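Chemist: A single structure is presented below for examination.
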DNA sequence: TCCTCAGATCGACATACTTCGATGCGATGA
DNA sequence: TCATCGCATCGAAGTATGTCGATCTGAGGA
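Chains as they are written, first to last, in the numbering used here: chain A, 1 to 127; chain B, 1001 to 1127.
Set out below in structure tokens:
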């Protein structure tokens, strides 16, 4: 294999002769179904209000936060906040528990780390 | 500090007497503006086709991938793929370079790690 | 110069999402 | 038992998003 020097610097100004226009893939890409699930998780975090809600609830740490403490910081109506919370619960980021007449929301342990891992290292999106 | 035993297990069945219904916050929550930016980044990854595109391009690693290699795996039309790529570029996840008559897309180094960090450790969403 | 090809942009359409006021429901307190 | 409180659900309205066919642009080759 002599003479393979500086191939990285000598990218051809035109593509390979025929057929392929790109270099072949180095690794396997994600399958459609996992892609769908991953996108669904990201969609749950794709609204500013929901990002704030997760942050506020994470800041409460131990006991969780009730809806009454979440409405005012995000500046939205109670039904809207309730709607966002439901989306976050269904996506697995939050858990809901009822104590007395208050409902408390808490971060599902590990849920954020799991989604973070999908973006790094040897996962389908990481490099 | 005697007698502070098992307070974690003895959560009251009703909330604190008056006013506050939750424990106070342990840390600072995210501000509205950073929340908006973070949500915007997540929104770029909130579509299955875009997750697949990022994965396929990441799998090409070195030289990047051209649009002709991206249309078929995601099963969408060329204008639609082009549309999704634009969103990913604007969100900072991809970079585009022209070589000959082909356009090549590559992952912006560190962009995925940066978003992953916002979900873990001492960041506003992590715990 | 003209033709061809890769791919970006445009316009249109259907669907999904965000938001709110009104209402329903279960738990507390009187 | 009845009134009140916390909050989930419902229905409606406006906006944003995903998708495609048609078209435009810019680079290469004849």
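Glycine residues also receive a C-beta, built at the ideal position from the N, C-alpha and C atoms. If you're wondering where the values come from, they're calculated on a predicted model, not measured in any experiment.
In the region 69-90 of chain A, which residues sit with their C-beta less than 9 Å from some C-beta in chain B, listed in chain order?
Modeler: Listed in sequence order: 69, 73, 74 and 75.
Chemist: In the region 33-106 of chain A, which residue ranges form an unbroken alpha helix (DSSP H) of at least 4 residues, counting only runs that do not cross its ends?
Modeler: Runs of the alpha helix (DSSP H) inside the region 33-106 of chain A: 48-60, 71-74 and 78-90.
Chemist: Rounded to the nearest angstrom, what separates residue 65 of chain A and residue 1090 of chain B at their Cα positions?
Modeler: Each residue's Cα considered, the two are about 35 Å apart.
Chemist: Identify whether residue 125 of chain A lies in helix, strand or coil by the three-state DSSP scheme.
Modeler: coil
Chemist: Using only alpha-carbon positions, find the residue among A/48, A/60 and A/63 that is nearest to residue 75 of chain A.
Modeler: A/48
Chemist: For a cutoff of 8 Å on Cβ pairs, would you count residue 27 of chain A as touching chain B?
Modeler: yes
Chemist: Determine, for residue 52 of chain A, whether the minimum Cβ-Cβ distance to residues of chain B falls below 8 Å.
Modeler: At least one chain B Cβ lies under 8 Å of residue 52 of chain A.
Chemist: So, with DSSP's three-state summary, where would you put residue 1115 of chain B?
Modeler: Residue state, collapsed to three classes: helix.
Chemist: Measuring from the CB of residue 1084 of chain B, is there a heavy atom of the ligand FMN at a distance below 7 Å?
Modeler: This structure does not include the ligand FMN; it has no bound ligands of any sort.
Chemist: Rounded to a whole number of angstroms, what is the C-alpha to C-alpha distance between residue 1016 of chain B and residue 1023 of chain B?
Modeler: For residue 1016 of chain B, the pLDDT reaches just 43, beneath the cut-off of 50, and the residue's location in the model is therefore unreliable, although a value from the coordinates is still provided. Near 9 Å, if we compare the C-alpha coordinates of residue 1023 of chain B and residue 1016 of chain B.
Chemist: So, at 7 Å on beta carbons, what are the nonlocal neighbours of residue 88 of chain A in its own chain, with the 5 sequence-adjacent residues on each side left out?
Modeler: Excluding sequence positions up to five before and after residue 88 of chain A, its CB lies within less than 7 Å of the CB of 44, 50, 53, 54 and 94, all in the same chain and listed in chain order.
Chemist: Count the other C-beta atoms from every protein chain shown that fall within 10 angstroms of the C-beta of residue 79 of chain A, then say buried if there are 16 or more, exposed otherwise.
Modeler: exposed
Chemist: Whole angstroms is fine: what's the gap from residue 1067 of chain B's alpha carbon to residue 1046 of chain B's?
Modeler: 20 Å
Chemist: What residues in the region 1098-1109 of chain B bring their beta carbon closer than 9 Å to a beta carbon of chain A?
Modeler: 1099, 1100, 1101, 1102, 1104, 1107 and 1109
Chemist: Where does residue 109 of chain A land, buried or exposed, given buried means 16+ other C-beta within 10 angstroms?
Modeler: exposed
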